[in-house]
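In what follows, a single structure is set out as structure tokens and then discussed.
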Amino acid sequence: MFGCTWFGRRAVALAALALSTVLTLSSTVVALAVSVVQVSSDPYTNSGAQHATQDEPASFSFGNTVVTAFVSGRYATGGGGTNISWATSTDAGQTWTTGNLPGVGTIAGGQYDRNTNPSVAYDPKHNVWIILSKDFRSPASLGLGILASRSTDGGLTWQNPVIVVFVSGGGFYDKPWLTCDTWVSSPYYGNCYAVMDDYRDSQRLKFTRSTDGGLTWSPLVNNANGAGGFGGELVVQPSGTVVMAYRKNTNDKMMAIGSTNGGVTWSKPAEIDTFTRHKVAGGLRASYVTPSVAMDGSGKVYVVWADCRFRSDCSANDIVMSTSSDGITWSPTTRIPIDATNSTVDHFLPGLGADVSTSGSGAHLGLIYYYYTNAHCRWDTCQLYAGFVSSTDGGATWSTSTQLAGPMQLAWLPNTSSGRMLGDYMSVSFAAGKAVFVFPVAQAPTGTLPFNQAMYSPLGGISVGRARR
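The sequence shown begins at 3 in our numbering and counts up by one.
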């Protein structure tokens with residue numbers, strides 16, 4: 003296992019990365035209402051990748067423990083990064099332990115030189131945390147694996163990964179996502195479910211499950227209804243019903259699909275809504291319009307995405323939301339009122355979380371997002387920010403926004419074949435009643451490194467605010 007101890011904003015040399023230790027949190031990004039601190043940075047120096055960069059965070063919480071995973075060392079071409087890194091807090095975001103998954107990237111003793119798309123889940127029945135990731139060789143025709151890395155000590159150390167799926171000769175699975183059934187009342191308590199789209203099969207959704215804490219996984223299930231899409235995220239209701247929202251691959255629609263029998267079979271897709279999109283300016287990789295999914299303690303499912311339907315001439319994106327109690331019938335799409343509809347602010351890359359100790363009209367929601375103050379900026383003029391809003395009434399009203407970071411220049415972000423990158427998705431979790439998460443922040447490079455994009459977190463989480471909008 004690789005790990006790192008550091009104070010402030012820079013990582014120590016790779017040679018010193020022997021053990022993971024609890025971080026002492028210090029430097030803030032900017033003096034804002036929320037104290038934002040750095041929890042991790044790219045530790046690697048291998049050639050070819052863009053250092054120092056971290057992006058694409060995912061998280062999950064259970065009790066006061068929050069486990070996050072993200073990509074370190076993003077490549078500009080060919081996709082993926084150098085390895086999957088992680089950060090774990092056992093005290094609701096006050097302190098963090100950080101490190102890098104063993105046996106995944108070749109730099110950490112694994113078989114795959116490109117690694118990406120992490121997601122995180124916890125299986126309380128077997129007391130195991132799992133990080134799922136897509137890992138491949140360059141070129142991908144040499145082999146691609148969906149891997150499950152397991153921790154049995156609360157996310158503080160990680161075992162070499164289990165192979166969930168492996169393909170070679172051009173097969174390509176994309177955007178895997180993982181969740182586990184955490185409800186003791188469920189008949190499928192302890193089941194873990196993973197979804198991915200088969201890029202070589204018209205992005206048809208394919209599912210697998212584990213009933214032993216991620217040690218073994220079932221053969222892939224091809225959805226009998228031929229559902230195709232990507233960017234799906236799964237949640238499990240207290241009844242054991244699995245609900246997944248995703249973007250349809252053939253048109254601009256948000257869809258949902260589910261399973262009521264422990265992942266053996268999957269339902270006919272239900273349409274959540276169509277969506278309209280304003281192309282995000284400056285060449286930022288933020289136009290995939292994938293959903294972020296959360297669930298409260300009653301099993302009510304919340305889905306958000308970026309959408310420009312409420313703006314004249316589709317001039318900018320808002321973050322919008324739809325909800326469902328069964329994954330089949332969805333509420334009309336509503337706009338989260340972060341800014342006025344006549345503003346020039348463009349909102350994108352949302353990450354939604356819900357506190358499962360709350361529900362219904364008292365559900366607590368937290369939403370991170372990125373934004374430009376000018377939706378029509380250029381590459382050299384775009385000013386990028388991260389913001390946060392919350393709700394204490396299930397999304398009926400929302401707090402005023404809090405700026406978490408920025409302004410950032412696009413030139414500070416790592417490049418990809420699809421544009422400068424923060425991630426294709428974001429994530430928010432709740433612990434001790436507060437929203438706890440990590441998110442990428444880019445700063446001006448210093449020294450000899452070409453980038454300075456790392457993972458930050460609000461110190462001790464963010465309390466959901468009094469609804470004001």
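C-beta atoms are modelled at their ideal positions from N, C-alpha and C, and glycine is treated no differently.
Cβ contact check for the segment 224 to 235 and the segment 134 to 152: 3 or more pairs under 8 Å: no
Val67 versus Ala94: straight-line alpha-carbon distance, rounded: Your numbering for residue 67 matches position 65 in the sequence shown. Your numbering for residue 94 matches position 92 in the sequence shown. Checking the sequence, you will find Thr at residue 67 rather than Val. Their backbone Cα atoms lie some 6 Å apart in a straight line.
Cβ-based neighbour list, Thr213, same chain, cut-off 7 Å, excluding 5 preceding and 5 following: Along the sequence shown, one-based indexing puts residue 213 at 211. Excluding sequence neighbours, Thr213 sits near Gly192, Asn193.
In chain order, each beta strand (DSSP E) run of at least 3 residues that lies wholly inside the segment 302 to 379: 303 to 309, 320 to 326, 336 to 338, 348 to 356, 367 to 374
Chain C contact for Thr70 (CB, 8 Å cutoff): The chain inventory of the structure shown lacks chain C, comprising one protein chain alone.
Close-in-space but distant-in-sequence residues of the same chain around Val73 (CB under 6 Å, 5 per side omitted): Position 71 of the sequence shown, counting from 1, holds the residue named residue 73. Result list for Val73: Asp57, Glu58, Gly83, Thr118, in chain order.
Whole-number beta carbon distance between Ala388 and Ala296, since they are thought to touch under 8 Å: Mapped onto the sequence shown, residue 296 falls at position 294. Mapped onto the sequence shown, residue 388 falls at position 386. Actually they are not in contact, since the Cβ atoms of Ala296 and Ala388 sit about 18 Å apart, beyond 8 Å.
Candidates Thr79, Ser135, Gln96, His280, of which the one nearest Asn102 by Cα: In the sequence shown, the residue the question calls residue 102 occupies position 100. Ranking Thr79, Ser135, Gln96, His280 by Cα distance to Asn102 puts Ser135 first.
Completely contained beta strand (DSSP E) runs for the segment 156 to 211, where each covers 3 or more residues: 164 to 169, 175 to 182, 194 to 200
Euclidean distance between Cα positions of Glu273 and Thr79: By one-based count along the sequence shown, residue 273 stands at place 271. By one-based count along the sequence shown, residue 79 stands at place 77. If I take the Cα positions, the gap works out to 34 Å.
Beta strand (DSSP E) segment containing Ala2, residue limits: Given a span of 3 to 471 for the chain in the structure shown, any question on residue 2 remains unanswerable.
Alpha-carbon to alpha-carbon, Gly172 and Gly463: Residue 463 sits at position 461 when you count from the first residue of the sequence shown. Residue 172 sits at position 170 when you count from the first residue of the sequence shown. For Gly463 and Gly172, the distance between alpha carbons rounds to 43 Å.
Residues bridged to Leu146 [DSSP beta-bridge criterion]: Indexing the sequence shown from 1 puts residue 146 at position 144. According to DSSP, Leu146 bridges with Phe138, Val169.
DSSP three-state assignment for Trp88, whether helix, strand or coil: As a position in the sequence shown, residue 88 is number 86, starting the count at 1. It is a strand residue.
Beta-carbon proximity list for Pro141, same chain, < 6 Å, skipping 5 on both sides: Along the sequence shown, read from residue 1 onward, the residue named residue 141 stands at position 139. So no residue of the chain qualifies.
Short Cβ contact (8 Å threshold) for Arg287 with Thr418: Counting from one through the sequence shown, the residue named residue 287 turns up at place 285. Counting from one through the sequence shown, the residue named residue 418 turns up at place 416. Closer than 8 Å, so yes.
Outcome for Ile321 when other beta-carbon atoms lying within 10 angstroms are tallied against a minimum of 16: Here residue 321 refers to the residue found at position 319 of the sequence shown. Buried: at least 16 other Cβ atoms inside 10 Å.
Whole-number beta carbon distance between Trp332 and Asp275, since they are thought to touch under 8 Å: Numbered from its first residue, the sequence shown carries residue 275 at position 273. Numbered from its first residue, the sequence shown carries residue 332 at position 330. About 7 Å separates the two Cβ atoms, so the contact holds.
Start-to-end residues for the beta strand (DSSP E) that takes in Gln405: Here residue 405 is taken as the residue at index 403 of the sequence shown, counted from 1. Residues 404 to 410.
Thr360 Cβ short of 7 Å to the ligand ZN heavy atom set: Looking for the ligand ZN in the displayed structure turns up nothing, as the structure carries no ligands at all.
Identity of the residues DSSP links to Trp131 by a beta bridge: Locating residue 131 in the sequence shown gives position 129, counting from the first residue. Trp131 pairs with Tyr124, Ser153.
Whole-angstrom distance between Gly75 and Thr278, CA atom to CA atom: The residue given as residue 278 occupies position 276 in the sequence shown. The residue given as residue 75 occupies position 73 in the sequence shown. The straight-line gap from Cα to Cα measures roughly 33 Å.
C-beta contact flag for Trp179 and Pro104 at 8 Å: Locating residue 179 in the sequence shown gives position 177, counting from the first residue. Locating residue 104 in the sequence shown gives position 102, counting from the first residue. Not in contact: Trp179 and Pro104 (Cβ atoms no closer than 8 Å).
Residues near Val130 by beta carbon distance below 8 Å, same chain, minus five either side: Walking along the sequence shown from the start, residue 130 turns up at place 128. Excluding positions up to five away in sequence, the list reads Tyr124, Arg152, Ser153, Thr154, Gly215, Gly216.
Own chain residues within Cβ distance below 7 Å of Pro409, not counting five before or after: As a working mapping, residue 409 is identified with position 407 in the sequence shown. Cβ within range, chain order: Gln385, Leu386, Tyr387.
DSSP three-state assignment for Thr108, whether helix, strand or coil: Taking the sequence shown and counting its residues from 1, one reaches residue 108 at position 106. The answer is helix: DSSP assigns Thr108 an H, G or I state.
Reduced DSSP category for Gly285 - H, G, I as helix; E, B as strand; rest coil: In the sequence shown, counting from the first residue as 1, residue 285 sits at position 283. Correct three-state label for Gly285: helix.
Nearest neighbour of Ser363, chosen from Val347, Pro339, Cys316, Gly301 [CA to CA]: By one-based count along the sequence shown, residue 363 stands at place 361. Nearest C-alpha to Ser363: Gly301.
Counted within 10 angstroms of its Cβ, other Cβ atoms place Asn454 as buried (16 or more) or exposed: Start at 1 with the first residue of the sequence shown, and residue 454 comes out as number 452. With 16 or more Cβ atoms within 10 Å of its Cβ, Asn454 is classed as buried.
Beta bridge counterpart(s) of Met423 as assigned by DSSP: Along the sequence shown, one-based indexing puts residue 423 at 421. According to DSSP, which records beta bridges pairwise, Met423 is partnered with nothing at all.
Exposure label - Thr292; buried when at least 16 CB within 10 Å: Stepping through the sequence shown from its first residue, residue 292 is reached at position 290. By the 10 Å Cβ count, Thr292 comes out buried.
Completely contained beta strand (DSSP E) runs for the segment 228 to 265, where each covers 3 or more residues: 231 to 238, 244 to 250, 255 to 261
Straight-line Cα distance separating Ser42 from Arg249: What you label residue 249 is simply residue 247 of the sequence shown in a count that begins at 1. What you label residue 42 is simply residue 40 of the sequence shown in a count that begins at 1. Those two C-alpha atoms are separated by around 31 Å.
With 16 other Cβ atoms within 10 Å as the buried cut-off, status of Gly449: For the purposes of this step, residue 449 is identified with residue 447 of the sequence shown, where counting begins at 1. With fewer than 16 other Cβ atoms within 10 Å, it is exposed.
Reduced DSSP secondary structure (H/G/I, E/B, other) of Ala434: Counting from 1 along the sequence shown, the entry for residue 434 is found at position 432. Residue state, collapsed to three classes: coil.
Backbone secondary structure at Thr118 - three-state DSSP: Counting from 1 along the sequence shown, the entry for residue 118 is found at position 116. Thr118 falls in the strand class under three-state DSSP.
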